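The block underneath contains the structure these notes are about, expressed in structure tokens.
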Amino acid sequence: MKKLNVNKEACIGCGACVAIDSAHFDFDENGYSEVVNNENVDTEEARNAISSCPTSAISYIDDNENHEEEHNCENCDHKCCEHDEEN
Ligand code: SF4
Numbered sequence: 000m001k002k003l004n005v006n007k008e009a010c011i012g013c014g015a016c017v018a019i020d021s022a023h024f025d026f027d028e029n030g031y032s033e034v035v036n037n038e039n040v041d042t043e044e045a046r047n048a049i050s051s052c053p054t055s056a057i058s059y060i061d062d063n064e065n066h067e068e069e070h071n072c073e074n075c076d077h078k079c080c081e082h083d084e085e086n
């Protein structure tokens, strides 16, 4: 299932996403954005919030919590388990 995600390290607390899409975003206790609702995330408001974020802190993620345990990294096409392959 598609979910919204805020990268708290990138968020500067400008409030744009909260102003644009208060159905999905609100400020946390530190003044940074957090996702407060992951229902019905494929909306114009959510996409506008993503595109309006000055630090690109918001993204859609694929909510498959067990993904990393479900596959073998050797055959992985996903970016979830990139390795440092120096050799
Ligand atoms: S628009 Fe981006 S930087 Fe601004 S509060 Fe939302 S997540 Fe943080």
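Number 25 in numbering that gives the first Met the number 0 belongs to position 26 of the sequence shown; there are no gaps in the numbering.
Quick reminder that beta carbons are idealized off the backbone N, C-alpha and C, glycines included.
All figures in this text were calculated on a predicted structure; none of them were measured in a lab.
{"Query": "Does the Cβ of residue 58 have 16 or more other Cβ atoms within 10 Å, making it buried, or fewer, making it exposed?", "Result": "exposed"}
{"Query": "Assign residue 8 to one of three DSSP states: helix, strand, or coil.", "Result": "coil"}
{"Query": "CB-CB under 8 Å to residue 34, same chain, minus the five flanking residues each way: which ones, in chain order?", "Result": "2, 3, 4, 5, 23, 24"}
{"Query": "Which residues in the same chain as residue 61 place their Cβ atom closer than 8 Å to its Cβ, once the five residues preceding and following it in sequence are excluded?", "Result": "0, 1, 2"}
{"Query": "I need the straight-line Cα distance from residue 87 to residue 32, nearest angstrom please.", "Result": "It is not possible to answer for residue 87, since the shown part of the chain is limited to 0 through 86."}
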